[in-house]
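Under my numbering, residues -14 to 254 are what the sequence shown spells out, in order. The C-beta atom is built at its ideal place from N, Cα and C for all residues, glycine as well. Only a predicted model underlies this, so the values are computations on that prediction, with no experimental measurement involved. A short write-up of the structure that comes next.
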Amino acid sequence: MIEMAEITMIEAQKRSGRYNIYVDGHYAFPVSESVLVDFRLYKGMEIDKELEEQLTSADDVAKAYNKALDYLSHQLRTEKEVRDKLVDLEIPPETIDQTIQKLREFTLVDDAHYAASYVRTIMNTSDKGPRVIRQHLRQKGVAEQPIDEALKQYPVAEQMSVGTAVAEKLAKRYQHQSTRNQLQKVRQGLMSRGFGGDEINGMLDSLDLTPDEDEQRALLAKQGEKLWHRYRALSHSERQYKTKQALYRKGFKLDEISAWLADLGESAD
């Protein structure tokens, strides 16, 4: 036989939205206002142990739900972020699952919406390419399919526009390096920002990086003289080798380096 009890009083707590439930004249458990309404609790209502457990479980979900709402009030969050936050608050896994389900039902967590919003924001406010965007969304726990859908908002034409502007800035930043190094630095910068190989090639093709021969010779001579001085303690042959090696790493052509070293030897003579 199921043992029944009776709610003898429902008392509002000082904390808004919380109530104390008294059963058979004694305090039994607290509930939130949402649980009070959902279960239609009233004075004189009969409850058993099973219903009491349901009320307690529902109240745990209600409290976790309110904490999730507070976390979501500041900005959009992915489901993983909300779940991780509730874990940090030491909420039991079963309660978290029920809370996430409730948030889904009210579309308060929606990874597809988050991904779409994030892609639009990055497109309009940053110089990042699709690979960096994808990496960020993966870290936030968004699945591949919503990411793919969101990235459709960032077509190749738009990527080319953003990436070409980045390439032009980088080319100007490294204009006083050898043409080969300049090109390499621009390519690395575009890759680190998340643009793909084919798009990067197109961006580089759009740049006018035709080397100024006189400027390149002057640059080689300037850097060569510094290196030649740095290796002054070495033997002549080793000094030449080290200088040539360092200039080659800086992107200068071997034949131009050899010609400069030859001229240097003649001037020394």
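Contact belief for residue i with residue j at Cβ below 8 Å, rounded distance in angstroms
i        : j      : result
Arg172   : Ile185 : 6 Å
Ala(-10) : Val16  : Between Val16 and Ala(-10) the Cβ distance is about 15 Å, and since that is not below 8 Å, they are no contact.
Lys211   : Ser163 : No, Lys211 and Ser163 are not in contact; Cβ-Cβ is about 14 Å, not under 8 Å.
Cβ shell of residue i (< 8 Å), same chain only, five flanking positions each side left out
i      : result
Asp73  : none
Leu21  : Ile(-5) and Tyr4
Ala142 : none
Ala253 : Its pLDDT being 48, under 50, Ala253 is placed unreliably by the model, and the measurement read from it follows with that caveat. Excluding positions up to five away in sequence, the list is empty.
Rounded separation between residue i and residue j - CA only
i      : j      : result
Asp183 : Asp240 : 31 Å
Lys34  : Asn5   : 17 Å
Ile76  : Val151 : 45 Å
Asn109 : Leu93  : 24 Å
Asp69  : Ala53  : 11 Å
Gly2   : Lys87  : 19 Å
Residues near residue i in its chain [Cβ-Cβ closer than 7 Å; skip 5 each side]
i      : result
Leu122 : Ala100, Tyr103 and Ile132
Tyr233 : Leu239 and Ile242
Trp245 : Leu205, Ala206 and Gly209
Endpoints, beta strand (DSSP E) assigned at residue i
i       : result
Met(-6) : Ala(-10) to Ala(-3)
Arg3    : Arg3 to Val8
Host alpha helix (DSSP H) of residue i (start-end)
i      : result
Tyr27  : No alpha helix (DSSP H) holds Tyr27; DSSP gives it neither H nor E.
Ser222 : His221 to Arg234
Ala13  : Where Ala13 is concerned, there is no enclosing alpha helix (DSSP H), although the beta strand (DSSP E) it sits in stretches over His11 to Ser17.
Ala218 : Counting along the chain, Ala218 falls outside any alpha helix (DSSP H), and DSSP gives it neither H nor E.
Residue-chain proximity (residue i, chain C), Cβ-Cβ < 9 Å
i       : result
Thr(-7) : Annotation note: the requested chain C is absent from the structure, which comprises a single protein chain.
With three or more beta-carbon pairs closer than 8 Å as the criterion, would you say the segment 91 to 107 touches the segment 126 to 140?
yes
Three or more C-beta pairs closer than 8 Å, one from the segment 59 to 66 and one from the segment 25 to 42: is that the case here?
no
May I ask you to verify whether the segment 77 to 84 touches the segment 44 to 51, counting CB pairs closer than 8 Å and requiring at least 3?
yes
Within 8 Å, do at least three Cβ pairs link the segment 217 to 236 to the segment 135 to 155?
no
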